[in-house]
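Student: As you go down the protein sequences, you meet chains Y and L in turn. FYI, in the numbering used here the residues of the first sequence are 1116 to 1319. FYI, in the numbering used here the residues of the second sequence are 1116 to 1319. Beta carbons: idealized from backbone N, C-alpha and C, even for Gly. I have a structure I would like to understand better, so I am pasting it below and will then ask my questions one at a time.
Protein chains: 2
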Amino acid sequence: MSKTELNTVTESRILEAAEKVFYLKGKDGTSMQDIADEAKLTRTSLNYYYRSKDKLFDIVFRNTMGHFLPKVADLLNSERSLIDLLPELVELVIDSMLEKPQIPVFVLQELSSNPERLPQIWADLGIQPAETLRKMKNDALLAELPVDPRQLIINVISMCIFPFAAKPLLLELMYEHDEQAYITAMEERKELIQLMIKNMLKSS
Amino acid sequence: MSKTELNTVTESRILEAAEKVFYLKGKDGTSMQDIADEAKLTRTSLNYYYRSKDKLFDIVFRNTMGHFLPKVADLLNSERSLIDLLPELVELVIDSMLEKPQIPVFVLQELSSNPERLPQIWADLGIQPAETLRKMKNDALLAELPVDPRQLIINVISMCIFPFAAKPLLLELMYEHDEQAYITAMEERKELIQLMIKNMLKSS
DNA sequence: GTCTATATCCAGATAGAC
DNA sequence: GTCTATCTGGATATAGAC
């Protein structure tokens, strides 16, 4: 292996370690030492590769958003009606969360203390909120619905994401600490939410 | 005013300041200095009243849970069927969140990094998860439903709570930074979710 | 590239004057 | 009760040897 290859191997080992610890303890709860321990390196080396904690966190945060937002953005930027897209959206979001269930709390906490990050995120991913909102308002199929389309979408993403944000609670209250039972239930929700959507579109 | 009255006035001023800053920046993101500034005191005085940051945080956290969980617990501990209780639960939870919309992220973040706190919370509030789960399984009305009652409840609390956890996102994406429009929409959700519940109970 | 050693800073917490 | 002054520890980050 060449030196630059070794280099990138170490870099990604650091990123993995950083992600793991940041997800677990949050940005402020994590020290560079924690990450160094996890990556089996000294703090100095982290600084060598990523200069500062802020920079390292920033990369982890962007990677996290990049893990699922681009696919969501592709869907939203397509010319199809939102109603057609919803089933795919549900599938997509739940599958992403099953891979990394800690993402919701991690992202919500960061956005809640630093909402000014949002514009940068849209820019990174080529999303234009104003444009998306405009499209939604002009969407012929949506316009005929008995419900406010925004409420419809809020319902869907709430049901997709919240059960992961509240994982510890659900594990204890509903699934008797049985991880597998919890995961199975989350899988089942993909079908279940599709059904709920159909109901919402019918009801008046 | 007597000295002890002045005392308690200062104490509650500190608690208010602590709550405000903890809600905004999270436990690890806040320093005692931040709280002291907010309360217009020196750090020393905080320590005089509350001994340590951990103790202060603990009180804020318990107060927060106490803000809405006792009412929820009362509902769950009653002998009525969960199906009857759901409408009241929706009303209760959404109203609580409208009062303090930062609660969801604050609580979810803390529970996610310290899930071992949960047993203490049940103890404080006289909730017995095992008992509640048992009651749910023996609930005659629930047993006849076409859906897993746990999924039903997850859907309802997801739709009640998530829109507050994601407030910055919704404000930007759906309500063009119009706080009032956002609040009105959240109010409307009380009715809307009732309707969704009816649909869930009908569909097979 | 990775280490040890060190500089700087800031946080939490306490002692003691008033 | 509230302050100033101080202690101690831990965190980020850099310098410089190997």
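Counting only Cβ-Cβ distances shorter than 8 Å, please list the residues of the region 1160-1185 of chain Y near chain L, keeping chain order.
Tutor: Those residues of the region 1160-1185 of chain Y that come within reach of chain L (Cβ to Cβ, closer than 8 Å) do not exist; the list is empty.
Student: With a CB to CB cut of under 8 Å and the five nearest residues on each side skipped, what residues in its chain are close to M1180(L)?
Tutor: Taken in chain order, the residues that qualify are V1222, I1236, D1239, L1240.
Student: Using 7 Å as the cut-off, classify the Cβ of A1300(L) as near or not near the heavy atoms of the ligand HEM, replying yes or no.
Tutor: By its list of ligands, the structure shown contains no ligand whatsoever, and the ligand HEM lies outside what it can speak to.
Student: If you count every other CB in all the chains shown that lies within 10 Å of the CB of R1166(Y), and 16 or more means buried, which is it?
Tutor: Exposed.
Student: Looking at K1186(Y) and L1161(Y), is the spacing between their C-beta atoms short of 8 Å?
Tutor: No, they are not a contact pair.
Student: To the nearest angstrom, how far is it from the Cα of A1300(Y) to the Cα of D1210(L)?
Tutor: If I take the Cα positions, the gap works out to 29 Å.
Student: At a Cβ threshold of 8 Å, is P1244(Y) touching chain L?
Tutor: Answer yes: the Cβ-Cβ gap between P1244(Y) and chain L drops below 8 Å somewhere.
Student: Going along the chain, which residues of its own chain have a beta-carbon closer than 8 Å to the beta-carbon of Y1138(Y), five neighbours each way excluded?
Tutor: Around Y1138(Y): K1215, Q1217, I1218, F1221.
Student: Classify T1123(L) as helix, strand or coil using the three-state DSSP reduction.
Tutor: Note: T1123(L) maps to helix in three-state DSSP.
Student: For the region 1268-1291 of chain L, which residues have a CB atom closer than 9 Å to at least one CB atom of chain Y, in sequence order?
Tutor: Result list: I1268, I1269, N1270, I1272, S1273, M1274, C1275, I1276, F1277, P1278, A1280, A1281, K1282, P1283, L1284, L1285, L1286, E1287, L1288, M1289, Y1290, E1291.
Student: Should A1132(Y) be flagged as near chain L, meaning a C-beta pair shorter than 8 Å?
Tutor: Judged by the 8 Å Cβ criterion, A1132(Y) is not in contact with chain L.
Student: L1201(Y) and I1298(Y) - do their beta-carbons sit closer together than 8 Å?
Tutor: No, they are not a contact pair.
Student: Within 10 angstroms of the Cβ of P1278(Y), are there 16 or more other Cβ atoms? Answer buried if so, exposed if not.
Tutor: P1278(Y) is buried by the Cβ-count criterion.
Student: By how many angstroms is the C-alpha of T1157(L) removed from the C-alpha of E1294(Y)?
Tutor: Cα to Cα, E1294(Y) sits roughly 46 Å from T1157(L).
Student: For V1208(L), return the contacting residues in chain Y, with the cut-off set at a CB-CB distance below 7 Å.
Tutor: By Cβ distance, chain Y contributes nothing, its closest Cβ being about 12 Å from V1208(L), past 7 Å.
Student: When you check each C-beta in the region 1189-1202 of chain L against every C-beta of chain Y, which residues fall closer than 8 Å?
Tutor: For the region 1189-1202 of chain L, which is checked against every Cβ of chain Y, not one residue is closer than 8 Å.
Student: Kindly indicate the opening and closing residues of the alpha helix (DSSP H) around R1304(L).
Tutor: Per DSSP, R1304(L) belongs to the alpha helix (DSSP H) from 1294-1317.
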